[in-house]
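What follows is a set of notes on a single structure, which appears directly below.
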Amino acid sequence: MRTELVTTLKRQATELLSELERNKEPILITQHGVPSAYLVDVDTYEALQHRMSLLEGIARGEKAIEEGRTLTHAQAKKRMTRWLK
């Protein structure tokens, strides 16, 4: 992963964005030697958001199982029939 100073971002934003779109590799931006932000292309960002949403759904399902909030297949089918009509 490439690391750039915030001043480089200010001075060469267009070039960095073009490279980002081309390479699809995140760029770490540092400010005063400290990591400050990541630049990622739109497709990568959207894919990450989609993955995060799926993982959150899985986590909710695992928590429901741990808490005993589950249904049998027959119970689930009965509940879903009103939505699938």
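For the sequence shown, the working numbering assigns the number 355 to the last residue and increments by one with no breaks.
From the three backbone atoms N, C-alpha and C, an ideal C-beta is built for every residue, glycine too.
- According to DSSP, residue pairing for Ile299 in a beta bridge involves Glu274 and Ala307.
- The three-state reading of DSSP puts Glu337 in coil, since its state is none of H, G, I, E or B.
- Annotated as distal: Met271 and Leu290, with beta-carbon spacing of 9 Å or more.
- With 16 or more other Cβ atoms inside 10 Å of its own Cβ, Leu309 counts as buried.
- Here Leu286 is near Glu274, since their CB atoms are less than 9 Å apart.
- Secondary structure at Arg281: helix, using DSSP grouped into helix, strand and coil.
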